[in-house]
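Here's the structure we're looking at; comments come further down.
Number of protein chains: 2
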Amino acid sequence: MVEATGANTHTKRALEELRQRILSGAFPGGTRLFEVALAEDLQVSRTPVREAMSRLTEEGLLERARNGGFLVRSFDFADVLDAIELRGVLEGTAARLAAERGVTEARMKDFREIVRRLDTCFGAGPEDVDFDGYAELNGQYHLALAALPGSATLEREIARATRLPFASPSAFLPDRRQLSAFRRSLGLAQDQHHQILQAIVRREGARAEALAREHACAARRNVEYIFANDIDVAQAVPALALVGQGSRPED
Amino acid sequence: MVEATGANTHTKRALEELRQRILSGAFPGGTRLFEVALAEDLQVSRTPVREAMSRLTEEGLLERARNGGFLVRSFDFADVLDAIELRGVLEGTAARLAAERGVTEARMKDFREIVRRLDTCFGAGPEDVDFDGYAELNGQYHLALAALPGSATLEREIARATRLPFASPSAFLPDRRQLSAFRRSLGLAQDQHHQILQAIVRREGARAEALAREHACAARRNVEYIFANDIDVAQAVPALALVGQGSRPED
DNA sequence: AATCGACAAATTGCATACATATGGCGGCTT
DNA sequence: AAGCCGCCATATGTATGCAATTTGTCGATT
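Structural data, given as structure tokens:
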């Protein structure tokens, strides 16, 4: 009711508003959210606020406090890196299982088409990149990869593990404001997209897994670059708004 | 409030009763659960029933239906195998990261102690095994393994992925009613416990990962054994009560 | 037989009031 | 100064009634 039908319920409103606030970093990690205050603020009764907070717990943005109530989860730099590592492991598993078990014609056709369209995001010049198109198709690529082996269990787990902003495959893609060396990584990433496809087609499970893992490591490099260059994190990378400011790496 | 303090709330009661029913296979997969009927049945109001169902969704036993309400999730044989595969991958990752990153003294001491105590479950004769002790310590071993790298993200994800009964490391351990060939696998498993420890100590990440994955595959062998021998599943393996009866493998 | 519309029943969404539990603060004692 | 206790304010747990939505049934029409 809240989402599937698009019905405009109070719970849905509260859920979307709270999610947006959390994702924008409006609540420091560890903040306790109080039903009554939020109900007033959002102008609904406690019931939809509770429901919304319960759902945000499912989404991984809140956790339940020990004597009832909800806390905003806190994340640090290590969580970001581990989330990226985990995504690599899970997507690597999807690639391996796809290679080992085979892929249906329909899914392979879809996957190939996405890779082909990703190619069209690159023009003649090294700076000639359709960033928006790439970001959209990159998201599609990763969803399709997760679905390739036809395992609902794995697909579900990948969806869960990549739900938080900084865990998403699209979290650290460069855009037009960023340095060109940073942007050139897109071309390398697209090459990896191709290689993963090839490894799967050739039934090379270990290779597919290794490639997909390395592919996810690009996100780690991008994160490290951002922190190493003291870039204003919240400004440059919305995905990191959730991450505590005191948790930057020291090197 | 529901769990941390042990307070005896209606929500807690409803949660435990519904969980137990679901885990015992009382509701076929896909069954819709109705608030009003359950509230009457459990003799509480709708509010704690809703809360309990929301939590069971977090636990992975229910899913939200499209226009509100909740459905009991259904699982088939492939889900069992994929859950085992996923556990192997995640525990393998824990082993690898432990080897790569190192382990604190406290955690390593704890881990060694568990392995040592697992050894004491085996007596002089091949049939002389303390099954209950083994099962208890096996669970501890796997929890400790998940915690070794000191990554809250990974530990949390492993906990989630192993939450369902058939995904648990202890799901398919043999007990005293089962065949001796089946039981002998415990000795092999314990050898693997040792080898994983050794690989971590030696900083052999790839080896640790491969061993932990293979270790998880024992569960797959056990499942396949159960099905291949037409054993009454619900009777022999409570962990499989959740799995649909029409989804047995055909080979 | 299939489809559509109307209506009733059932279910979920929600608000509100009351009950219960928790946490913080102040005062007192050691 | 530290610890303990009591009190009160606040937050959560819960029940219940009403509103809104969804589902199912039945009859009419093609």
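Top to bottom, those sequences are chains A and B. Under the UniProt record's numbering, the letters of the first sequence match residues 1 to 251, in that order. Under the UniProt record's numbering, the letters of the second sequence match residues 1 to 251, in that order. Built from N, CA and C at the ideal position, the CB exists for glycine as well.
Identity of the residue in the options nearest residue i by Cα
i        : options                                   : result
B:Asp119 : B:Pro126, B:Arg107, B:Glu127 and B:Tyr134 : B:Tyr134
B:Ala212 : B:Leu97, B:Phe34, B:Asp110 and B:Ala241   : B:Leu97
B:Asn8   : B:Leu90, B:Ala37 and B:Pro48              : B:Pro48
B:Ala95  : B:Arg221, B:Ala239, B:Pro165 and B:Glu155 : B:Glu155
A:Ser149 : A:Asp130, A:Asp132, A:Ala189 and A:Met108 : For the record, residue 149 of chain A in the displayed sequence is Pro; it is not Ser. Of the listed residues, the one whose Cα sits closest to A:Pro149 is A:Met108.
A:Glu105 : A:Arg50, A:Ala144, A:Leu164 and A:Ala228  : A:Ala144
B:Glu63  : B:Gln43, B:Gly29 and B:Leu86              : B:Gly29
A:Thr162 : A:Leu61, A:Val44, A:Ala208 and A:His10    : A:Leu61
B:Asp110 : B:Leu137, B:Leu86, B:Glu16 and B:Val44    : B:Leu137
A:Arg221 : A:His194, A:Ala189, A:His193 and A:Ala26  : A:Ala189
A:Leu240 : A:Arg46, A:Ala26, A:Glu100 and A:Gly102   : A:Ala26
A:Arg116 : A:Glu17, A:His194 and A:Ala65             : A:His194
B:Gly102 : B:Asp128, B:Gln198, B:Leu56 and B:Glu85   : B:Gln198
Three-way DSSP call (helix, strand, coil) for residue i in this model
i                      : result
A:Gly68                : strand
A:Glu204               : coil
B:Val243               : strand
B:Asp251               : Its pLDDT being 42, under 50, B:Asp251 is placed unreliably in this model, and the value from its coordinates should be taken loosely. The answer is coil: DSSP assigns B:Asp251 none of H, G, I, E or B.
B:Leu186               : helix
A:Val129               : strand
B:Gly63                : The sequence given here places Glu at residue 63 of chain B; Gly does not occur at that position. In the structure shown, B:Glu63 sits in a strand (DSSP, three-state: E or B).
residue 257 of chain A : Residue coverage of chain A in this structure runs from 1 to 251, which leaves residue 257 of chain A outside it and unanswerable.
B:Phe77                : helix
B:Phe172               : coil
B:Phe122               : strand
A:Gln192               : helix
A:Val2                 : Summary for A:Val2: the model assigns pLDDT 41, below 50, so the residue's position carries little reliability, and this model does not support an answer.
B:Ser54                : helix
A:Leu90                : helix
B:Val49                : helix
B:Ala26                : coil
B:Glu149               : It should be noted that the sequence gives Pro, not Glu, for residue 149 of chain B. It is coil, neither helix nor strand.
B:Arg19                : helix
A:Leu164               : coil
A:Val115               : helix
residue 265 of chain B : Past the boundaries of the shown model lies residue 265 of chain B; chain B is included only from 1 to 251, so the question cannot be answered.
A:Val103               : coil
B:Asn138               : helix
Any non-hydrogen atom of the ligand HEM within 7 angstroms of residue i CB
i        : result
B:Phe166 : This structure simply doesn't include the ligand HEM, nor any ligand for that matter.
Cβ distance (whole Å) where residue i is taken to contact residue j below 8 angstroms
i        : j        : result
A:Tyr141 : A:Ile114 : 5 angstroms
A:Ala216 : A:Glu91  : 6 angstroms
B:Leu42  : B:Ala14  : 5 angstroms
A:Val243 : A:Asp76  : 6 angstroms
B:Thr153 : A:Asp79  : 5 angstroms
A:Glu51  : A:Thr11  : 5 angstroms
B:Ala83  : B:Leu164 : 7 angstroms
A:Ala208 : A:Ile226 : Their Cβ separation, rounded to whole angstroms, is 29 angstroms, which puts A:Ala208 and A:Ile226 out of contact at 8 angstroms.
A:Gln192 : A:Glu214 : 7 angstroms
A:Ser151 : B:Ser54  : With 8 angstroms as the limit, A:Ser151 and B:Ser54 do not qualify as a contact, their Cβ atoms being about 26 angstroms apart.
Got a sec: which bits of the stretch 143-159 of chain A sit with their beta carbon under 8 angstroms from any beta carbon on chain B, in order along the chain?
Residues of the stretch 143-159 of chain A whose Cβ lies closer than 8 angstroms to any Cβ of chain B, in chain order: Ser151, Ala152, Thr153, Leu154 and Glu157.
With 8 angstroms as the limit, tell me which residues of the stretch 73-103 of chain A have their beta carbon closer than that to any beta carbon of chain B; keep them in chain order.
If the cut-off is 8 angstroms between Cβ atoms, the stretch 73-103 of chain A has Ala78, Asp79, Asp82, Ala83, Glu85, Leu86, Val89, Leu90, Thr93 and Leu97 near chain B.
Using 8 angstroms as the cut-off, can you tell me whether the stretch 195-211 of chain B makes contact with the stretch 119-132 of chain B, which would need three or more C-beta pairs spanning the two stretches below that distance?
Judged by Cβ distances under 8 angstroms, the stretch 195-211 of chain B makes no contact with the stretch 119-132 of chain B, as fewer than three pairs qualify.
Could you list the residues in the UniProt domain "HTH gntR-type" (8-75) of chain A with a C-beta less than 7 angstroms from some C-beta on chain B, going in chain order?
Among the residues of the UniProt domain "HTH gntR-type" (8-75) of chain A, those with a Cβ less than 7 angstroms away from any Cβ of chain B are Ser54, Thr57, Glu58, Arg66, Asn67 and Gly68, in the order of the chain.
Taking 8 angstroms as the threshold, find out whether the stretch 63-83 of chain A comes into contact with the stretch 22-40 of chain A through three or more Cβ pairs.
Contact holds: three or more Cβ-Cβ distances are below 8 angstroms.
Count Cβ pairs between the stretch 185-194 of chain B and the stretch 159-169 of chain B that sit closer than 8 angstroms; are there 3 or more?
Taking 8 angstroms as the limit for Cβ pairs, the verdict is that the stretch 159-169 of chain B does not touch the stretch 185-194 of chain B.
Under 8 angstroms (Cβ pairs) to chain A, residues found in the stretch 160-174 of chain B
Taking 8 angstroms as the Cβ-Cβ cut-off against chain A, the residues of the stretch 160-174 of chain B that qualify are Arg160 and Ala161.
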